[in-house]
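Scroll down for the structure; my scribbles are underneath it.
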């Protein structure tokens, strides 16, 4: 089973893009504090597609807290200079709950 749940904050506003087929997707990074040391965080690269990508771009800015569920995708390429295999880890978001927004003033 490949199932991931992350609770963290956006490090920047999501970047909305369009594939050659015309499908929208968004790249974003979530800073997730470590359980045993809240002064340290893991910066996890994530990707969302379609309506979820549009919603992220429309409603989320840097600092917004998110609860994300998705799956881990691992891809590999060969580095042209070193000829070494490089691995890239991305969380593909299936569902995102928009939580605390530090940029919004409470009424």
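Numbering (this note's numbering), first residue to last: 99 to 205. Yeah, the Cβ is synthetic: ideal placement off N, Cα and C, and Gly gets one too. These figures come from a predicted structure and were not determined experimentally.
Just to check my reading of the structure: residue i and residue j have Cβ atoms closer than 8 Å, yes? What is that Cβ distance to the nearest angstrom?
i           : j           : result
residue 122 : residue 116 : 6 Å
From this set, the options, which residue's C-alpha is nearest residue i's C-alpha?
i           : options               : result
residue 133 : 111, 104, 151 and 145 : 104
residue 80  : 129, 177 and 125      : No answer is possible for residue 80: it lies beyond the span of the chain, which begins at 99 and ends at 205.
residue 184 : 173, 194, 191 and 138 : 173
residue 101 : 198, 190, 199 and 202 : 190
residue 206 : 149, 129 and 120      : The chain is shown only over 99 to 205; residue 206 falls outside these bounds and no answer can be derived.
If you draw a straight line from the C-alpha of residue i to the C-alpha of residue j, how long is it?
i           : j           : result
residue 153 : residue 165 : 14 Å
residue 175 : residue 163 : 32 Å
residue 149 : residue 202 : 23 Å
Going along the chain, which residues of its own chain have a beta-carbon closer than 6 Å to the beta-carbon of residue i, five neighbours each way excluded?
i           : result
residue 196 : 157
Once the 5 residues before and after residue i are set aside, which same chain residues still bring their CB inside 8 Å of it?
i           : result
residue 169 : 100, 101, 102, 189, 190 and 192
Among the residues of its own chain, which have a CB less than 7 Å from the CB of residue i, if the five just before and after it don't count?
i           : result
residue 199 : 162
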